[in-house]
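Residue numbers (the working numbering): 1 to 99.
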């Protein structure tokens, strides 16, 4: 099952305070990028963020799930309605990721 493009756009908008946010179609779902770095995925209308120490410190609820069968667990982000939280989480996560 693939994600609804409206949901993907919502995630892009919600993370917008972190930098230039973009989505690229990958394997039927979407990779989410901030300033050119992939930091998350939208799969089956769920938002997943790469696990990092900085991101872990910011999480309101630590819920690790694989975004698709066979994938390593990512942080599953249930609360996608708080723009400031998602932008801060994206910034913190990207600060630890290699270019």
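From the three backbone atoms N, C-alpha and C, an ideal C-beta is built for every residue, glycine too. Being a predicted model, the structure only gives us computed values, none of them experimental.
* residue 72 - DSSP class collapsed to helix/strand/coil -> coil
* Asked: Are residue 33 and residue 22 close, meaning C-beta to C-beta below 7 angstroms?
  -> yes
* Asked: If we ignore side chains and look at the alpha-carbon of each, how far apart do residue 78 and residue 59 end up?
  -> 10 angstroms
* Asked: What's the C-alpha gap between residue 62 and residue 41?
  -> 17 angstroms
* Excluding five sequence neighbours on each side, which residues of the same chain lie with their C-beta closer than 6 angstroms to the C-beta of residue 35? -> 19, 20
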